[in-house]
Amino acid sequence: MHISEGVLPTWEIVTAWGITLIGTAIGLRKLEGEKLVLAALLTSLFFVASLIHVPIGVGSAHLLFNGFIGLILGWAAFPTILIGLLFQALLFQFGGLMVLGVNTFNMAFPAVVAHYLFKNWIKTDGWKFYAGAFLSAFVAILGAGLLVAIELALAGEKFIKDAELIFLIHIPLATVEGIIYIFLLKFLKKTSPQFLED
Amino acid sequence: MKKTFAVVFLLLSTVVFAHKVSIFATEQNGKIDVYGYFSDGTPAKNSQVEVYDALSGKLLLSGKTDSNGFFEFTPPQGVKELKIVLYSGLGHKAVTTYQLEGNSFQTTTTQGKEKTTPSEGNITTTNLGTESIKVPSNVEKIQLILYTADGKKEIFTFKVGGNQTLTKVEQKNVNQTAENSKSSNEQEELQKIRQIVNKETAFPWAKVFCGIGWILGIFGILEFIYARRGKNKVD
Chain U
48 MHISEGVLPT WEIVTAWGIT LIGTAIGLRK LEGEKLVLAA LLTSLFFVAS
98 LIHVPIGVGS AHLLFNGFIG LILGWAAFPT ILIGLLFQAL LFQFGGLMVL
148 GVNTFNMAFP AVVAHYLFKN WIKTDGWKFY AGAFLSAFVA ILGAGLLVAI
198 ELALAGEKFI KDAELIFLIH IPLATVEGII YIFLLKFLKK TSPQFLED
Chain R
263 MKKTFAVVFL LLSTVVFAHK VSIFATEQNG KIDVYGYFSD GTPAKNSQVE
313 VYDALSGKLL LSGKTDSNGF FEFTPPQGVK ELKIVLYSGL GHKAVTTYQL
363 EGNSFQTTTT QGKEKTTPSE GNITTTNLGT ESIKVPSNVE KIQLILYTAD
413 GKKEIFTFKV GGNQTLTKVE QKNVNQTAEN SKSSNEQEEL QKIRQIVNKE
463 TAFPWAKVFC GIGWILGIFG ILEFIYARRG KNKVD
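And the structure:
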């Protein structure tokens, strides 16, 4: 999911940095009160999650947790993922500093989309809670994969082949994460429901 | 949130770490072997490999790794330094440069060592996954030795028939460590690759804690700034 340095043309990198910075500015405005502490913990979670490899036949995929971050933090997913990716790039050489903007946009934007689609669903108690938690993983992960495929297609790679790979790898991954989200959200709802309020 | 993290760390201890593609190149039989692998140790299969002249930037040749992550090529004459790029799809890419000095190779990423090839009248070709091998007409029996990245060695013996047909006579799986064969330098080679792969794929505990510390620190500073502005009313 992390795009490497030197794959994308400059205009894509610059555009993505622009969107990322706008998103980060909006996100920082929304980080208030206890949410800031939660954002710190979620950043750490995101930072570590990418090291967890989910063995899927055709390739290597890792946990992302961007859907979970998006559901809870909304726009604040941008600064959260930006900082998480920064340290992944510095310490593990995942992605790189130039492409940090692109990678942040790829993972944070679908997370924000998942937030607006499902934030009301997870406030309920019935099937909508489970469906919302589970589907947010699909929206966030497949959305991120789709953005990667589109960017690579704009850079001249074959879109169909990449899109195929993305679906092969990321549907099982999204299923695994969807189940994790349900447990995490159930726990959060029980212990600190105020985080799911807005 | 404490419980959440307990869950995460439990997961960490059982699964391996992944998602960076790396490239490793060695010289063998006057050819260059390129090995691509992900950070969890799985080989980068069917990945695009491009070889450039590092000085002029000209594309020399390209190809794909086989199902074991290997790609083999003969470097063209007159090139002093090679740049080898591996694309493993979805924007993953690894680069290494290689210096060619006369017949010996030195890699800038790892220490390359000049090696002599085993001399047993082997019909060369160690490129796994290719379909066709040219067999000289006077040969009756051929032996294929297959070295896999995890240290196994498989020996296939084929009988060459009249119409260029091959009949498999024997297949032996030899465990690398139990074997005292004459091709010790190949074992050495594999040992070296495995050591590097193992080193790079070990779980980076120190870096994980370092990163978490930094992240919490940055949010601590944010909290401080917000509190100073009176924006953040905790308690």
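One line per chain: the protein sequences are U and R, in this order.
Residues are numbered in my numbering as their position in the first sequence, beginning at 1, plus a constant of 47.
Residues are numbered in my numbering as their position in the second sequence, beginning at 1, plus a constant of 262.
Here a beta-carbon is modelled for each residue, glycine too, at the ideal position from N, C-alpha and C.
Buried is the label assigned to P126 (chain U), since at least 16 other Cβ atoms lie within 10 Å of its Cβ. The alpha-carbon separation between I227 (chain U) and E52 (chain U) amounts to approximately 31 Å.
Contacts with chain R at 7 Å (Cβ-Cβ) do not include I119 (chain U). Neighbours of F94 (chain U) across chain R, judged by C-beta separation under 7 Å: G473, I474 and I477. If you check each beta-carbon in the region 53-70 of chain U against every beta-carbon of chain R, the ones closer than 9 Å belong to G53, V54 and L55.
In this structure, the straight-line span from the alpha carbon of F93 (chain U) to that of G114 (chain U) is close to 11 Å. If you draw a straight line from the Cα of K236 (chain U) to the Cα of N167 (chain U), it comes to about 13 Å. In this model, V61 (chain U) and Q290 (chain R) are separated by some 43 Å (Cα to Cα). One thing to note: N308 (chain R) has its Cβ within 7 Å of the Cβ of K326 (chain R).
Residue pairing by DSSP puts K355 (chain R) in a beta bridge opposite R:Y349. Linking I346 (chain R) to I285 (chain R) through their CA atoms gives a straight-line distance of about 9 Å.
Taking C-beta atoms as the reference points, V54 (chain U) and K355 (chain R) count as a pair closer than 7 Å. Taking G192 (chain U) as the centre and dropping the five residues before and after it, the same chain places the C-beta of I213 and H217 closer than 6 Å to its C-beta, in chain order. Rounded to whole angstroms, the Cβ separation of F176 (chain U) and L118 (chain U) is 11 Å, and the two are not in contact under 8 Å.
Shown here for G190 (chain U): same chain residues with a beta carbon closer than 7 Å to its own, the five before and five after excluded, namely P157 and V160 in chain order. Taking a cut-off of 8 Å on C-beta distances, the region 120-140 of chain U does not touch the region 178-185 of chain U, as fewer than three cross pairs fall below it. The residue among R:F332, R:R456, R:N330 and R:V311 with its C-alpha nearest the C-alpha of L344 (chain R) is R:V311. Contact annotation, T67 (chain U) with F152 (chain U): C-beta distance approximately 5 Å; criterion of less than 8 Å satisfied. Distance from S97 (chain U) to H109 (chain U) at the Cβ level is roughly 5 Å; contact confirmed, criterion being Cβ atoms closer than 8 Å. Under DSSP, G325 (chain R) shares a beta bridge with R:V311.
The residue among R:T359, R:E334, R:Y299 and R:S318 with its C-alpha nearest the C-alpha of K293 (chain R) is R:E334.
The straight-line gap separating the alpha-carbon atoms of I128 (chain U) and P338 (chain R) is approximately 45 Å.
Our two residues, I483 (chain R) and T358 (chain R), have alpha carbons roughly 39 Å apart in a direct line. The Cβ atoms of G131 (chain U) and W64 (chain U) lie no closer than 7 Å to each other. Following the DSSP letters along the chain, one finds I169 (chain U) in no alpha helix (DSSP H), marked with neither H nor E.
Chain-ordered listing is empty here: chain R has no CB closer than 7 Å to the CB of I116 (chain U), the nearest sitting near 12 Å. Here the C-alpha atom of G80 (chain U) lies approximately 9 Å from the C-alpha atom of A489 (chain R). Apart from sequence neighbours up to five positions away, the residues of its chain that approach Q241 (chain U) with a beta-carbon distance below 8 Å are E81, ordered along the chain.
I130 (chain U) belongs to the set of residues whose beta carbon lies under 7 Å from a beta carbon in chain R. Its chain contains V195, A196, L199 and A200 as the residues whose beta carbon lies nearer than 8 Å to that of D209 (chain U), once the 5 sequence neighbours on both sides are disregarded; these appear in chain order. Between D295 (chain R) and T288 (chain R), the gap from beta carbon to beta carbon is short of 7 Å. Against chain U, a Cβ distance below 8 Å from P337 (chain R) picks out nothing, because the smallest value is about 23 Å. Taking the C-beta atoms as reference points, F134 (chain U) is found nearer than 7 Å to G473 (chain R).
Here E451 (chain R) is not bridged, per DSSP, to any residue.
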